[in-house]
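Residue numbers (my numbering): 606 to 1063.
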C-alpha cells in the first residue's frame, strides 16, 4: 500500500461517486481534490463552517450543510460561478440530501415540520408535511424513480410514495408500527422493509401498493431491533437485535433461515479462524554497530517500548472480553450495532456492542462463523471493498486491519501521530480515505488477485 501525506480537514470528507474527486471540509472552505494527483481542482467558500457534505450521484454537484446558520449551499464543478443557497427561514434545516436525478435537493426542517423538495432546474418546490425523522425515514428505489418517505400524523405512522419525476404523491398507506424507526427499499425495488423502535420488536415487509407481505417478531419482551440491512443481491435481509443475535431472512418466504449468536466464550465444534491482535517488541541487535559500551547500553534502552502489531492465530476455546451494560442507564451498549455485507453477499460482518473490540465475520453460504478478529481497541469502522471480498477495519490506532478469506494482516500507517478514526472506499476499490481527528490521508490499494494468500505476519 502507498500512502499520501496528511492534509488538513475539520469536518466531513468523501469521494465523489465517479471516484475522480475527494471533497474535504476545511472550516468554511470546501476543497475539491483530484483522486490521482491530489491537486486542488476547485475551492469554494461557504458562509459558515461546513457540517455536512454530500455529492450528487452524477458527481457534477455537491451540497454543503451549514447547520449552524441553518442553510444549504450547493456548488457545481463544471460551472464554478454557479451558486445555490437554500434557507428555510424560521423553520430551519435539520438535514439535506440529493435526489437520485442529481437535480433536486430534499431538506427536512427543524422539529420535522415538513420535508421540502427543491429543484435546481427551476424555482418550483414541493412540500411533504410531518416527516417522521430528520435524517432517516427516506429511501429511494435503485432505479431512482420513486421515493418512500415516512410521515407521522394523528399518532400514526405512514409511508408516502412519491414519483421522483413529478414529485407527486403516488400513494399513502398506514403501517403497523408504534414508533417507526426507519425504512429501506429492497435492492430489486419489489418490497419495502420497515422496522419499529427498540421498544417494540417488529420488522414489516410491505409491497409498494401497501400490502403487508410479512410481519416478523423474534420475541416480545425486551429491547428489539437495533440494525437492519439488505444484502446487495437482495435475497437476504439481516436483522440485528439487542439480544445479541443476528437473524437472516430470505426474500421468497420471508422466513428466518439463519440465527447467529455472539457468545463471550467460543467453543468447539466451532472451527472459525481466530485472529488476535498482539504487540511484538522490536529487538534490534546493534552490537556490531556500537562504538562503546555506553552507546550500546543507550541503544538497548531506546529500543525498549518499540513494537510492531501483528495478528496471532488462536484456537478455540477462547473467552472474549465482554462488558455488561449497567441496568439503570438508557440506550445500553449491547446488541448488533455494526453490520455490513460483502459485495458478493457471501459474508456479513457484525459487532456486538457489549464486545466492542470483537469483529465477527459470518459465512452465509455455509451458514457458519468464518472468522473472529480480536482487537486491542474498540472497532470504529469496518468497510468492505466494493470490488472484491476484502474487509478493512480501524480502531482509532495508527494501524489498518485487513481480512480476506485467505487470512488477516495488519498495516502500519507511515505518518506520525496519525490515528485512524474513520475510513471510506472509493467506488472502484482503488483508494482508501483515512481520517484522523484533524487530518486525512489516502492509501492506494492494490487489486486483490483471486489466488492471493496473506499471512498474519505480513
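Backbone N, C-alpha and C define an ideal beta-carbon position, used for all residues, glycine too.
Ignore the nearest five residues each way along the sequence and tell me which others in residue i's own chain have a CB closer than 6 Å to its CB.
i: residue 709; result: 722, 724
i: residue 840; result: 856
i: residue 772; result: 722, 731
i: residue 649; result: 635, 680
i: residue 1025; result: 999, 1039
i: residue 863; result: 853, 972
i: residue 836; result: 946, 950
i: residue 869; result: 925, 927
i: residue 865; result: 851, 967
i: residue 789; result: 744, 798
i: residue 1017; result: 1004
i: residue 1053; result: 993, 995
i: residue 821; result: 808
i: residue 793; result: 839
i: residue 832; result: 845, 941, 944
Say the cut is 6 Å; is the CB of residue i nearer than that to a heavy atom of the ligand COA?
i: residue 1023; result: Absence of the ligand COA is noted for the structure shown, with no ligands found whatsoever.
Below 7 Å between beta carbons: does that hold for residue i and residue j?
i: residue 925; j: residue 969; result: no
i: residue 745; j: residue 764; result: no
i: residue 756; j: residue 737; result: yes
i: residue 912; j: residue 886; result: yes
i: residue 692; j: residue 671; result: no
i: residue 975; j: residue 984; result: no
i: residue 700; j: residue 688; result: no
i: residue 917; j: residue 883; result: yes
i: residue 655; j: residue 630; result: yes
i: residue 560; j: residue 859; result: Any property of residue 560 remains undetermined from this structure, which presents the chain solely from 606 to 1063.
i: residue 750; j: residue 769; result: yes
i: residue 877; j: residue 754; result: no
i: residue 665; j: residue 641; result: no
i: residue 785; j: residue 774; result: no
i: residue 622; j: residue 657; result: no
i: residue 929; j: residue 958; result: no
i: residue 847; j: residue 824; result: no
i: residue 758; j: residue 735; result: yes
For residue i, which of helix, strand or coil comes out of DSSP?
i: residue 742; result: coil
i: residue 862; result: strand
i: residue 1059; result: Legend: pLDDT at residue 1059 = 42, less than 50; position of this residue unreliable, no value from coordinates given.
i: residue 942; result: strand
i: residue 776; result: strand
i: residue 829; result: coil
i: residue 647; result: strand
i: residue 886; result: strand
i: residue 986; result: strand
i: residue 615; result: coil
i: residue 678; result: strand
i: residue 695; result: helix
i: residue 1023; result: coil
i: residue 715; result: helix
i: residue 606; result: coil
i: residue 768; result: strand
i: residue 845; result: strand
i: residue 1064; result: Here the chain comprises residues numbered 606 to 1063, so residue 1064 is not present and cannot be evaluated.
i: residue 639; result: strand
i: residue 659; result: strand
i: residue 901; result: The predicted model places residue 901 with a pLDDT of 44, which falls under 50 and marks its position as unreliable, so this point remains unresolved.
i: residue 667; result: strand
i: residue 794; result: coil
i: residue 969; result: coil
Assuming residue i and residue j form a contact by the criterion Cβ under 8 Å, report the distance between their Cβ atoms to the nearest whole angstrom.
i: residue 1037; j: residue 1048; result: 4 Å
i: residue 1044; j: residue 678; result: The Cβ separation is near 24 Å, so there is no contact.
i: residue 791; j: residue 798; result: 7 Å
i: residue 922; j: residue 871; result: 6 Å
i: residue 853; j: residue 830; result: Their Cβ separation, rounded to whole angstroms, is 14 Å, which puts residue 853 and residue 830 out of contact at 8 Å.
i: residue 663; j: residue 707; result: 4 Å
i: residue 760; j: residue 914; result: That belief does not hold up - the Cβ atoms of residue 760 and residue 914 are roughly 53 Å apart, past 8 Å.
i: residue 804; j: residue 782; result: Contact flag wrong, Cβ pair sits at about 11 Å.
Sorted by chain position, which residues of the same chain lie with C-beta nearer than 7 Å to residue i's C-beta, five sequence neighbours on each side aside?
i: residue 1030; result: 988, 990, 991, 1037
i: residue 610; result: 1046
i: residue 685; result: 647
i: residue 952; result: 966, 967, 968, 969, 975, 994
i: residue 675; result: 697, 698
i: residue 881; result: 916, 917, 919, 979
i: residue 902; result: Low per-residue confidence applies at residue 902: pLDDT is 48, beneath 50, and the placement is therefore not dependable, though the value from the model is reported in the following sentence. No residues qualify anywhere along the chain.
Go through its chain and collect everything with a Cβ distance to residue i's Cβ below 8 Å, but skip five positions before and after it.
i: residue 730; result: 721, 722, 723, 724
i: residue 982; result: 962, 1000, 1001, 1002
i: residue 1028; result: 986, 988, 997, 999, 1005, 1037, 1038, 1039, 1040
i: residue 624; result: 640, 1031, 1032, 1033, 1035, 1036
i: residue 718; result: 696, 734, 735
Are the C-beta atoms of residue i and some chain E residue less than 7 Å apart?
i: residue 643; result: In the structure shown, chain E cannot be found, because there is only a single protein chain.
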